[in-house]
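Protein chains in written order, with my numbering: chain A, 133 to 454; chain B, 133 to 454.
By construction, the Cβ of each residue, glycine as well, lies at the ideal position given by its N, Cα and C atoms.
Just so it is clear, the structure is predicted and the values come from calculations on it, not from any experiment.
The next block holds one structure in the form of C-alpha cells; read it before the comments.
Protein chains: 2
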Amino acid sequence: MMAIAERLAWIAVDWGSSNLRAWALDTRDQVLARAGSERGMLSLTPAEYETELKRVIGEWLPAMGRVPVRVCGMAGARQGWREAAYLPVPTRLDDLARAAVAPPLDDPRLEVRLLPGLCQTAGGAFDVMRGEETQLAGLVAQEPALTGLACLPGTHAKWARLEAGVVTRFTTCLTGELYGLLARRSVLRHSLGHAVDKDNLSDPGCREAFVCAVREITAAPATYPSRLFGLRAADLLDDTLPQGDARGARLAARLSGLTVGLELAGMGNDLPAGEPVTLIGNESLCDRYVLALDALGHESHRLDGEAAVLAGLGLAHRAFGA
Amino acid sequence: MMAIAERLAWIAVDWGSSNLRAWALDTRDQVLARAGSERGMLSLTPAEYETELKRVIGEWLPAMGRVPVRVCGMAGARQGWREAAYLPVPTRLDDLARAAVAPPLDDPRLEVRLLPGLCQTAGGAFDVMRGEETQLAGLVAQEPALTGLACLPGTHAKWARLEAGVVTRFTTCLTGELYGLLARRSVLRHSLGHAVDKDNLSDPGCREAFVCAVREITAAPATYPSRLFGLRAADLLDDTLPQGDARGARLAARLSGLTVGLELAGMGNDLPAGEPVTLIGNESLCDRYVLALDALGHESHRLDGEAAVLAGLGLAHRAFGA
Numbered sequence: 133m134m135a136i137a138e139r140l141a142w143i144a145v146d147w148g149s150s151n152l153r154a155w156a157l158d159t160r161d162q163v164l165a166r167a168g169s170e171r172g173m174l175s176l177t178p179a180e181y182e183t184e185l186k187r188v189i190g191e192w193l194p195a196m197g198r199v200p201v202r203v204c205g206m207a208g209a210r211q212g213w214r215e216a217a218y219l220p221v222p223t224r225l226d227d228l229a230r231a232a233v234a235p236p237l238d239d240p241r242l243e244v245r246l247l248p249g250l251c252q253t254a255g256g257a258f259d260v261m262r263g264e265e266t267q268l269a270g271l272v273a274q275e276p277a278l279t280g281l282a283c284l285p286g287t288h289a290k291w292a293r294l295e296a297g298v299v300t301r302f303t304t305c306l307t308g309e310l311y312g313l314l315a316r317r318s319v320l321r322h323s324l325g326h327a328v329d330k331d332n333l334s335d336p337g338c339r340e341a342f343v344c345a346v347r348e349i350t351a352a353p354a355t356y357p358s359r360l361f362g363l364r365a366a367d368l369l370d371d372t373l374p375q376g377d378a379r380g381a382r383l384a385a386r387l388s389g390l391t392v393g394l395e396l397a398g399m400g401n402d403l404p405a406g407e408p409v410t411l412i413g414n415e416s417l418c419d420r421y422v423l424a425l426d427a428l429g430h431e432s433h434r435l436d437g438e439a440a441v442l443a444g445l446g447l448a449h450r451a452f453g454a
Numbered sequence: 133m134m135a136i137a138e139r140l141a142w143i144a145v146d147w148g149s150s151n152l153r154a155w156a157l158d159t160r161d162q163v164l165a166r167a168g169s170e171r172g173m174l175s176l177t178p179a180e181y182e183t184e185l186k187r188v189i190g191e192w193l194p195a196m197g198r199v200p201v202r203v204c205g206m207a208g209a210r211q212g213w214r215e216a217a218y219l220p221v222p223t224r225l226d227d228l229a230r231a232a233v234a235p236p237l238d239d240p241r242l243e244v245r246l247l248p249g250l251c252q253t254a255g256g257a258f259d260v261m262r263g264e265e266t267q268l269a270g271l272v273a274q275e276p277a278l279t280g281l282a283c284l285p286g287t288h289a290k291w292a293r294l295e296a297g298v299v300t301r302f303t304t305c306l307t308g309e310l311y312g313l314l315a316r317r318s319v320l321r322h323s324l325g326h327a328v329d330k331d332n333l334s335d336p337g338c339r340e341a342f343v344c345a346v347r348e349i350t351a352a353p354a355t356y357p358s359r360l361f362g363l364r365a366a367d368l369l370d371d372t373l374p375q376g377d378a379r380g381a382r383l384a385a386r387l388s389g390l391t392v393g394l395e396l397a398g399m400g401n402d403l404p405a406g407e408p409v410t411l412i413g414n415e416s417l418c419d420r421y422v423l424a425l426d427a428l429g430h431e432s433h434r435l436d437g438e439a440a441v442l443a444g445l446g447l448a449h450r451a452f453g454a
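Right under this line is the structure:
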C-alpha cells in the first residue's frame with residue numbers, strides 16, 4: 133500500500149445512484165489501483181459521503197499532504213453530497229471544472245471537487261445527465277474538435293450531438309430500465325427465466341432473433357406493446373422455438389432487439405441515414421448496439437466506458453490547475 | 133341467505149390470475165348476490181380450487197340439488213384447475229361451451245364447466261386470450277351478427293375484429309402492465325408519487341396533458357423511450373408544472389396518454405381512420421380510452437365489463453342446455 137501513497141497524484145471517482153468506483157492515478161494518469169462500493173446516492177445522506185469515501189480509498193492516502201479527488205455523477209445531485217448545478221447546453225466539454233463545487237470536509241488530506249451535470253430546456257425538450265457528460269469530455273479529450281454523434285448505452289441511454297467539442301443537444305432514452313422491468317418484473321419473466329442475466333448474442337440463433345427484432349420494430353415502432361405480449365404468446369404457441377434455457381435466451385434476445393431498436397428508431401432526424409456513431413460504454417452492451425446500428429446501416433466506433441470517465445475526470449483535473 | 137339458495141338458478145365465475153369474482157343468478161339471469169376473493173390462478177394448486185370456490189359461494193348453495201357453475205378465465209389454463217384448451221380463431225363466440233371442460237369435484241351439489249380461451253397462430257402473429265373471449269361473447273349475445281372492432285382495455289389490452297359474430301383475429305398489447313411498471317417501479321415513481329393510484333382525468337389540466345401525450349406519441353411512436361425519460365426531466369426542470377400532488381397527477385396523466393396512445397398507434401390498419409370502437413371494461417379505464425380515441429377521430433360505444441362477462445357466461449350456460 134505504501135507504493136500507492138508514494139506514487140499517488142490524484143484520485144478519480146465516478147459516484148452514481150447505486151455505487152461508486154474509484155481509481156488511484158499517478159502523475160501520468162496511469163491507474164495504480166481500483167476500488168469501489170455499492171453505496172451510491174440513493175443510500176447515503178450528505179453527512180455520510182466523506183466517511184464512505186475514506187472507507188473505500190483510505191488505504192491510498194498518504195499520512196501527510198493533500199490529495200485531489202475529482203468526482204462525477206450523482207454525488208453532485210441536489211440529493212447527493214453537495215449540489216453542483218447543471219450546466220445548460222450548449223456547453224464546452226473541456227470546461228466542466230468551471231462549475232464544480234467543493235463539499236464540506238473534515239479530513240485535511242482531501243481536496244474534493246464535484247463536477248456538474250448538463251441540462252437542456254430548449255423548445256420543451258427537457259433533459260438531464262449527470263456522469264455521462266464526463267465520459268463525453270473524455271471523448272473530447274482525445275479529439276478536441278470532435279463533431280459527431282455519441283451514444284452511451286445503459287439504464288438511461290444518452291445520445292449527444294457534438295459540434296467542435298461542444299454538446300449542442302442530447303436525448304435520454306429509458307431503454308435499459310424498460311428492458312430490465314419487462315424482463316424481470318412483467319409477465320414476460322415467466323418466459324425469459326434466467327436468460328435475462330446472461331449475455332447471449334454469441335449464440336447465432338439469438339443474434340438473428342435480436343437483429344430481426346431491431347428490423348421489425350424500426351419498420352413499425354408503434355407495435356412495441358403488442359410485440360411485447362407476442363413474446364409471451366410465442367412462448368406458449370410457437371413450436372419453432374428451442375426448448376430449455378435456449379428458449380428463454382432466444383426470447384430475451386428478441387426483447388432486447390425490440391427495445392434497442394425502438395430507441396434507435398426514435399432518434400429520427402438526430403440519427404441521419406448512414407451517420408456513424410461513437411459508442412461509449414461496457415463491451416457487451418456496446419456489442420449489442422454495434423449489431424443494431426449495423427442492421428440499420430450505421431458504422432460505429434467505440435470508446436471503453438472506464439477509459440472515457442478517467443479521461444474526462446483527467447481533463448477536469450488539469451483544468452483545476454493540477 | 134335462504135332467499136338466495138331458494139331462487140338460485142346458476143352461478144357465474146370469472147376466475148383470473150390474481151382474483152375470482154362470483155355472481156349468484158336467478159332463472160332470468162338477475163344478480164342475487166356477488167362474492168369474490170383475492171385467490172387466483174397464481175396462488176392456487178389444482179387441488180385447492182374446489183375448496184376456494186366453496187369458501188366464496190358456499191352460503192349460496194342449497195342443502196340438496198345440483199347447481200351449475202360456469203367459469204371463465206385462468207382457472208381453465210394449463211396451470212389452473214384443469215386445462216380447457218384454447219380454441220383457434222376464427223371462432224364463433226356463441227360456441228365457447230363446445231370446448232368447455234369439467235374439473236374433478238368432491239361436492240355432488242356442484243356442476244362446474246370451465247370455458248376455453250382463444251389462440252391465434254396465423255402468419256406468426258401469435259396471441260392468446262383467456263377470459264376476454266367470454267366478455268366478447270357477451271357483446272355478441274346482445275347483437276348476434278355484430279361486425280366491428282372491440283377493445284378491452286386492461287393489464288393486457290385486447291383488440292378483437294368481429295365479423296358476423298365470429299372473432300377473426302385479435303391483438304394483445306401490454307399497455308396496462310407497461311404503465312404500472314413505469315409508474316410504480318421505474319425512476320418515474322419519484323416524480324409520480326401517489327398520483328398513479330388515483331383516477332385523475334376529471335382535472336382539466338390532466339385531461340389536456342393526457343390528450344396532448346396521445347397526439348404526440350401517435351405522431352412519433354418511436355420517441356416513446358425518450359418521452360418517458362422526458363417526464364423525469366420535466367419534473368426537474370419544467371417550471372410550468374404545478375406543485376404538490378397536482379404535479380404528480382399531471383405527469384401520471386401524461387405517462388398514461390403516452391402509453392395508451394402508443395397502443396392505439398400500433399393498431400395501424402386494424403384501426404382504420406374513423407372506424408368506431410366498442411369498449412368493454414370498467415368505467416374509469418374506458419373513459420380514458422374514449423378520450424384517446426376521440427382525439428384520434430374515432431367514435432366509441434361502451435359495454436360494462438361485468439355486464440359483458442355475465443352475458444357471455446349466460447350464453448355458454450344456455451348452450452349447455454340449461
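Contact under 7 Å by Cβ, residue i with residue j
{"i": "A/Arg153", "j": "A/Leu445", "result": "no"}
{"i": "A/Phe342", "j": "A/Gly389", "result": "yes"}
{"i": "A/Trp213", "j": "A/Tyr181", "result": "yes"}
{"i": "B/Val319", "j": "B/Ala384", "result": "no"}
{"i": "B/Ala352", "j": "A/Leu394", "result": "no"}
{"i": "A/Thr144", "j": "A/Leu442", "result": "One point to set straight first is that residue 144 of chain A is Ala, not Thr, in the sequence displayed. Contact flag set, yes."}
{"i": "B/Val409", "j": "B/Cys305", "result": "no"}
{"i": "B/Leu247", "j": "B/Ala448", "result": "yes"}
{"i": "B/Gly437", "j": "B/Gly413", "result": "yes"}
{"i": "B/Gly280", "j": "B/Leu294", "result": "yes"}
{"i": "A/Leu219", "j": "A/Ala231", "result": "yes"}
{"i": "A/Gly325", "j": "A/Gly362", "result": "no"}
Member of the options whose CA lies at the smallest distance from the CA of residue i
{"i": "B/Arg301", "options": "B/Leu193, B/Asp419 and B/Leu268", "result": "B/Leu268"}
{"i": "B/Pro357", "options": "A/Arg379, A/Ala351 and A/Thr287", "result": "A/Thr287"}
{"i": "A/Ala469", "options": "B/Arg364, B/Val441, B/Leu140 and B/Val409", "result": "Since the first and last residues shown for chain A are 133 and 454, residue 469 of chain A lies out of range."}
{"i": "B/Gly197", "options": "B/Pro222, B/Glu138, B/Ala440 and B/Met206", "result": "B/Glu138"}
{"i": "A/Pro336", "options": "A/Val299, A/Thr266, A/Gly429 and A/Arg382", "result": "A/Arg382"}
{"i": "B/Ala179", "options": "B/Asp161, B/Ala231 and B/Pro235", "result": "B/Pro235"}
{"i": "A/Asp259", "options": "B/Pro276, B/Leu403 and B/Leu368", "result": "B/Leu368"}
{"i": "A/His322", "options": "A/Arg171, A/Gly376, A/Val199 and A/Leu411", "result": "A/Gly376"}
{"i": "B/Gly172", "options": "B/Ala135, B/Gln211 and B/Arg160", "result": "B/Gln211"}
{"i": "B/Cys418", "options": "B/Leu237, B/Pro285, B/Ala165 and B/Ala207", "result": "B/Pro285"}
Helix, strand or coil at residue i according to DSSP, with G and I counted as helix
{"i": "B/His433", "result": "strand"}
{"i": "B/Thr303", "result": "strand"}
{"i": "A/Met133", "result": "Only weak support exists for where A/Met133 lies, its pLDDT of 49 falling under 50; the value from the coordinates is given anyway. Coil, per DSSP."}
{"i": "A/Ser175", "result": "helix"}
{"i": "B/Gly380", "result": "helix"}
{"i": "B/Ala397", "result": "helix"}
{"i": "A/Gly457", "result": "The structure shown does not extend to residue 457 of chain A, since chain A is modelled only from 133 to 454, so the question has no answer here."}
{"i": "B/Asp239", "result": "coil"}
{"i": "A/Thr266", "result": "helix"}
{"i": "A/Thr287", "result": "coil"}
{"i": "A/Leu373", "result": "coil"}
{"i": "B/Ala405", "result": "coil"}
{"i": "A/Thr391", "result": "helix"}
{"i": "A/Leu250", "result": "strand"}
{"i": "A/Ala456", "result": "Here chain A has residues from 133 to 454 only, and residue 456 of chain A is not among them."}
{"i": "A/Gly413", "result": "strand"}
Close Cβ partners of residue i (< 8 Å) along its chain, the five nearest in sequence each way excluded
{"i": "B/Leu310", "result": "Thr391"}
{"i": "B/Met133", "result": "Residue placement at B/Met133 is poorly supported in this model, since its pLDDT is 49, which falls under 50; the coordinates are not used for a value here."}
{"i": "A/Arg187", "result": "Ser169"}
{"i": "B/Leu403", "result": "Leu281, Trp291, Leu396, Val409 and His430"}
Cβ-based neighbour list, residue i, same chain, cut-off 6 Å, excluding 5 preceding and 5 following
{"i": "A/Ala405", "result": "none"}
Contacting residues, own chain, Cβ-Cβ under 7 Å from residue i (five flanking each side not counted)
{"i": "B/Leu314", "result": "Leu320, Leu360 and Leu387"}
{"i": "B/Gly205", "result": "Asp146, Trp147, Gly148, Arg262 and Gly263"}
{"i": "A/Ala345", "result": "Arg386, Gly389, Leu390 and Gly393"}
{"i": "A/Gly429", "result": "Ala405 and Gly406"}
{"i": "A/Arg347", "result": "Ala427"}
Check: residue i C-beta below 6 Å from any heavy atom of the ligand COA
{"i": "A/Leu246", "result": "Ligands in the displayed structure: none, and consequently the ligand COA is not present."}
Quiz item: Which runs of the alpha helix (DSSP H) fall wholly inside the stretch 291-359 of chain A and span at least 4 residues, in chain order?
Solution: Runs found: 307-317, 321-324 and 336-351.
Exercise. List in chain order: all unbroken alpha helix (DSSP H) runs of 4+ residues lying wholly within the stretch 155-236 of chain B.
Key: Counting whole runs of 4 or more residues, the stretch 155-236 of chain B contains the alpha helix (DSSP H) stretches 181-189.
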